[in-house]
Amino acid sequence: MTVQARAAEVQALASERRSQAADQRARSTTEYAPVAQIRAELENAKWELSQTTVVAP
Numbered sequence: 002m003t004v005q006a007r008a009a010e011v012q013a014l015a016s017e018r019r020s021q022a023a024d025q026r027a028r029s030t031t032e033y034a035p036v037a038q039i040r041a042e043l044e045n046a047k048w049e050l051s052q053t054t055v056v057a058p
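Just remember that the numbering used here sits 1 ahead of the position in the sequence shown, which is counted from 1.
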């Protein structure tokens with residue numbers, strides 16, 4: 002195998018690895034979006050509860 006062929010192979014593998022890493026980041030972001038939404042809803046509920054005044058007769 003020539004040096005040029007090996008360099009091309011290494012470059013192709015590096016490109017594939019970058020693509021796989023980008024795909025993994027995209028999947029991670031998509032998978033954790035519902036968790037972030039639920040945490041935001043929980044924080045909002047906590048704030049609303051802290052703003053609530055209970056008056057007993």
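The beta carbon of each residue, even a glycine, is placed where N, CA and C say it ideally should be.
In the three-state DSSP reduction, Ala6 falls in the helix class (H, G or I).
Fully enclosed beta strand (DSSP E) runs of no fewer than 3 residues are not present anywhere in the region 11-57.
Counting only residues of its own chain and dropping the five nearest sequence neighbours on each side, Thr54 has no CB closer than 7 Å to any other CB.
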